[in-house]
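The block underneath contains the structure these notes are about, expressed in structure tokens.
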Amino acid sequence: MKDTIHDVIISGAGPVGLFLACELSLARCSVLVLEKTMDPHSPLKRVPFGIRGLSAPAIEALYRRGLLREPELHKRIKNPHQHARQGPHRQVGHFAGIPFHEDDIDTAQWSYRPPGSPDPSLISEMEELETVLTRRAEALGVVIRRGIPITGFHQTADEVTVEAGSRSFRSKWLVGCDGSRSIVRKTGGFEFAGTEPKFTGYTTQVDIADPEKLSPGRVITPTGMYIQSQPGYIVIQDFDGGAYHGSGKPVTLEHVQAVLRRVSNTDVTLSALHIATTWTDRARQATAYRNGRVFLAGDAAHIHAPLGGQGLNLGLGDAMNLGWKLAAVIHEKAPDGLLDSYYTERHPVGAQVLDWSRAQVAIMGPDPAARALYAIVRDLINTRDGATYFAGRVWGIFTRYDLGGEHPLTGYSVPNLELEDGTRVGALMHDGRGMLLDLNGNAPLAAIAGRYGDRIKYVSVNAREQSGLSAALIRPDGIIAWATDGAPDHGELQKSAARWFG
Ligand SMILES: Cc1cc2nc3c(=O)[nH]c(=O)nc-3n(C[C@H](O)[C@H](O)[C@H](O)COP(=O)(O)OP(=O)(O)OC[C@H]3O[C@@H](n4cnc5c(N)ncnc54)[C@H](O)[C@@H]3O)c2cc1C
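In this text, residue positions in the sequence shown follow our numbering: the first is 1, and each later residue adds one.
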């Protein structure tokens, strides 16, 4: 194993590392994933602590690679809101704990609507998602080795040597997907810039002697917030400036009880502490996503409070963006600057999520100014336009890369148009290749696509709905690189194809 040179080593078999491994392997790269932990199972990855809300871009990514059909995720889609309030006034998301409801959202206001699945949000369990991704990665030939914590690396102009204690592994490229405390980031000379926390968050499973003293659901108080999703499963937000999390002190029963009493303003008594972990709203982002042959993706590249749940969505989006670009470089088919576009496209999306998280924290605090702002935002969210805006932001509806180009859909994820045989565009993307979609029988387009061999497939098909589109060039990550509503300008199409496919 030591002398095998893989195309890519990925540090970390979390959801982002695994999804990236799938993308690279789908594009015929050899991938080795090195994971610190031996056991992929953990109560923190299961209901209720391991529940993660996925939104449009992440759902689309999974859908486009055929992964939503996997039994574990399919089960969730059938009952996607099993953890959300049911009924006609169904809660479908929140901002700083202020809910917005399905029937208040006016989707007609969105110029772009990505229906990658029947629902723009999906509740998933970390362990199930990782199981699905591990199975797919291994089926594609990815080698996953557990119980091997990366300790450092060094790179030359041609390759990277990854160290794990006394062992070493070689590859052409290394991607750090090793989470918020990423060793690749820390040892790789990456600057991690941002803002310090305002609170310590606690995720706990406890026995409560007098449970009637706490309310169910999310409770915001003058000193913080607690959520009791199920009896005994309590998340607490304590505005201590992140001090306890940073102190490294153990999270004892006595400490959790004291914090919970203060935040809930009760004298509740805990009789046992089964699980306890802490986190903060520290918001930091790597100022570069690449150093030579080394990249960062997922939490390794950006951290923020998990409020409203966007970290996993952001990370899966990184993987979808980086995978095909790195593969093109490995196969020596990439145009100049392709890898640079990973940073220029993904860093602004990450920065927006960090700001979204900071904005929530700013109005959740116990000080009077925060309480006043909170009340105003609550009023706004309770309007139709407000709910529509907040849902659009949380679900990633407004995510668009600045690719230039005339057509209003350029830079957006391609709409999931229904085709004449009842299938949808997203279902044509399982192979991870680029696609020239011809909805108007423009025969010369076939020849343009043909110049790119198997990198761009030409699909001529009638659609039941066209959204006005006549043809579109779609990148492997589902982003529209070029589109037209009328007669195609072959010169513009060729320029775009050359820009993305070499
Ligand atoms: C309480 C909470 C709730 C959340 N809710 C949501 C939500 O609803 N929606 C959402 O989108 N996001 C949510 N998030 C964020 C989401 O969980 C993360 O953004 C996501 O897990 C990031 O995935 P990742 O693969 O980048 O990192 P991780 O999931 O952290 O995986 C990193 C992997 O790298 C491994 N590793 C670490 N160091 C090394 C090393 N030295 N060598 C090898 N392997 C290593 C780790 O063991 C781990 O397996 C939440 C987070 C928390 C804490």
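Note that the Cβ used here is the ideal one computed from N, Cα and C, for glycine as well.
Using a Cβ distance threshold of 8 Å, determine whether the stretch 367 to 379 contacts the stretch 319 to 328, with at least three qualifying pairs required.
No: fewer than three Cβ pairs fall under 8 Å.
Nearest to leucine 174 by CA position, among Leu322, Gly365 and Gly97, is which residue?
Ranking the options by Cα distance to leucine 174, first place goes to Leu322.
Does the Cβ of glutamate 35 lie closer than 7 Å to at least one heavy atom of ligand 1?
At least one heavy atom of ligand 1 is nearer than 7 Å to the Cβ of glutamate 35, so yes.
Any heavy atom of ligand 1 closer than 7 Å to the beta-carbon of serine 42?
No, since every heavy atom of ligand 1 falls outside the 7 Å radius drawn around the Cβ of serine 42.
Should leucine 473 be labelled buried (16 or more other beta-carbon atoms within 10 Å of its own) or exposed?
Sixteen is the threshold: when 16 or more other Cβ atoms of the shown chains lie within 10 Å of the Cβ of leucine 473, as they do, the residue is buried.
When the Cβ atoms of the stretch 125 to 142 are set against those of the stretch 161 to 181, are three or more pairs found closer than 8 Å?
By the Cβ rule, the stretch 125 to 142 does not count as touching the stretch 161 to 181, because fewer than three pairs are nearer than 8 Å.
State yes or no: is the C-beta of proline 149 within less than 8 Å of the C-beta of lysine 36?
For the pair proline 149 and lysine 36, the CB atoms are nearer than the 8 Å cut-off.
Taking leucine 273 and valine 206 to be in contact with their CB atoms under 8 Å, please state how far apart those CB atoms are, rounded to whole angstroms.
Between the beta-carbon of leucine 273 and that of valine 206 there is about 5 Å, and that keeps the pair under the 8 Å contact cut.
Quick one: residues in its chain with C-beta nearer than 7 Å to the C-beta of serine 117, no 5 flanking neighbours on either side, listed in chain order?
Its pLDDT being 45, under 50, serine 117 is placed unreliably by the model, and the measurement read from it follows with that caveat. The residues Ile59, Tyr63, Leu68 and Ile77, in chain order, have a CB closer than 7 Å to that of serine 117 in the same chain once the five nearest residues on each side in sequence are set aside.
Alanine 463 and glutamate 492: beta carbons closer than 8 Å?
Taking 8 Å as the cut-off, the beta carbon of alanine 463 is found no closer than this to the beta carbon of glutamate 492.
Starting from aspartate 318, trace the beta strand (DSSP E) in both directions and tell me its first and last residue.
Segment 311 to 330 is the alpha helix (DSSP H) holding aspartate 318; no beta strand (DSSP E) there.
Is it the case that the stretch 243 to 257 contacts the stretch 173 to 192, given that we only count it when at least three CB pairs across the two stretches are under 8 Å?
With fewer than three CB-CB distances shorter than 8 Å, the stretch 173 to 192 does not count as touching the stretch 243 to 257.
Can you give me the Cβ contacts of histidine 41 inside the same chain, cut-off strictly under 7 Å, excluding the 5 residues immediately before and after it?
Taking C-beta separations shorter than 7 Å and ignoring five residues to either side along the sequence, the partners of histidine 41 in its chain run Glu127, following chain order.
Secondary structure of valine 8, DSSP reduced to three states:
Here valine 8 sits in strand by DSSP.
Output the distance between the C-alpha atoms of glycine 298 and glycine 502, rounded to the nearest integer angstrom.
Their Cα atoms are separated by approximately 27 Å.
Considering only DSSP beta bridges, list what alanine 463 is partnered with.
Answer is Leu419, bridged to alanine 463.
Can you tell me the Cα-Cα spacing of lysine 457 and isoleucine 448, whole angstroms?
If you take the alpha carbons of lysine 457 and isoleucine 448, they lie about 10 Å apart.
With which residues is phenylalanine 283 paired in a DSSP beta bridge?
Per the sequence presented here, residue 283 reads as alanine, with phenylalanine not at that position. Its beta-bridge partners are Thr195.
What is the rounded straight-line gap between the Cα of histidine 94 and the Cα of glutamine 155?
Between the alpha carbons of histidine 94 and glutamine 155 lies a gap of roughly 44 Å.
Taking only the alpha-carbon atoms, compute the straight-line gap between arginine 293 and alanine 157 and give it to the nearest angstrom.
About 8 Å.
With DSSP as the reference, identify every bridge partner of threonine 37, one or two as the case may be.
Its beta-bridge partners do not exist; DSSP assigns none.
For ligand 2, any of its heavy atoms closer than 7 Å to the Cβ of alanine 13?
By its list of ligands, the structure shown excludes ligand 2, since it contains just ligand 1.
Every unbroken alpha helix (DSSP H) within the stretch 150 to 217, with a cutoff of 4 residues, ordered by chain
Contiguous alpha helix (DSSP H) elements confined to the stretch 150 to 217 occur at 183 to 187, taking only those with 4 or more residues.
Going by DSSP, name the residue or residues bridged to threonine 221.
Partner(s): Gly224.
Note the first and the last residue of the continuous beta strand (DSSP E) segment covering methionine 435.
Element bounds for methionine 435: 434 to 438.
Within 7 Å: the Cβ of threonine 203 and any heavy atom of ligand 1?
It does: the Cβ of threonine 203 is within 7 Å (strictly closer) of some heavy atom of ligand 1.
Supposed contact pair histidine 302 and glycine 242 - C-beta distance, whole angstroms, cut 8 Å:
That pair is no contact at about 17 Å.
From this set, Asp402, Thr383, Asp210 and His407, which residue's C-alpha is nearest isoleucine 105's C-alpha?
Comparing Cα positions, the closest option is Thr383.
Integer Cβ distance of arginine 185 from alanine 319, believed to fall under 8 Å
Not quite, the Cβ-Cβ distance comes to about 16 Å (not below 8 Å), so this is no contact.
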